[in-house]
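Enquirer:
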Amino acid sequence: MPYVNRFPKMAAIQKYRALKLGYPEETAEAIGIAEALKYAIFKRIAQFGRRYRETEEKRRPEIPLDWDTFKTFELAAYKGRPFVAGRVMTPEDYRKEVFHKWGKTGRRIEKWAKGIIELVPEDYLKDERKFFKEVWVPHRDDPIEY
-9 MPYVNRFPKM AAIQKYRALK LGYPEETAEA IGIAEALKYA IFKRIAQFGR RYRETEEKRR
51 PEIPLDWDTF KTFELAAYKG RPFVAGRVMT PEDYRKEVFH KWGKTGRRIE KWAKGIIELV
111 PEDYLKDERK FFKEVWVPHR DDPIEY
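If you're matching positions, the sequence shown starts at -9 in our numbering and goes up one per residue.
1. Are the stretch 50 to 69 and the stretch 88 to 108 in contact at 8 Å, needing three or more beta carbon pairs?
2. Drop a sphere of 10 angstroms on the beta-carbon of E52, count the other beta-carbons inside from all chains shown, and report buried for 16 or more, exposed for fewer.
3. Between the C-alpha atoms of R(-4) and V127, what's the straight-line distance to the nearest angstrom?
4. Give the C-beta separation of I23 and L65 to the nearest angstrom, bearing in mind that I take them to be a contact with Cβ-Cβ under 8 Å.
5. Can you tell me whether D83 is buried or exposed? The criterion is at least 16 other CB atoms within 10 Å of its CB, across all chains shown.
6. Enumerate in chain order the residues of its own chain whose CB-to-CB distance from G76 is below 6 Å, with the five nearest sequence positions on each side excluded.
7. Just the C-alpha distance for K5 and E15, rounded to the nearest angstrom, thanks.
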């Protein structure tokens, strides 16, 4: 039986992380997809030895990035929206990845993510490294059938 890959799972778990930290749903969805894309970039950057922030700043030097709005997630922002890979991320980007690509399975992905986040202590939610190591790594390969 085929299983859901990591990208939509990361997007959903980050959405529910953002919701639990008090972000509105549309912003949480944008954060979710931005975090999934950021981690995909991290994988590539690790191969080349570059740093994420420096790379992001070089992508679009004409755009002044704000690194405080989404500091907890270590994400850049532009005009209040998450900014990754040279573009602003939106709730529509999240919905496209989780629901349009995965159909009804998108609800199972979100149910899985919500169930995990409900049990996560707040200090892990607020710390990017703890969240990655203690929450994401142990669950990233959990099977979600489609």
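Backbone N, C-alpha and C fix where the C-beta goes; we use that ideal spot for every residue, glycine too.
Expert: On the basis of the coordinates in this document:
1. Cβ pair count under 8 Å is below three, so no.
2. exposed
3. 11 Å
4. The C-beta separation of I23 from L65 comes to about 11 Å, leaving the pair out of contact by the 8 Å criterion.
5. buried
6. R49 and R50
7. 8 Å
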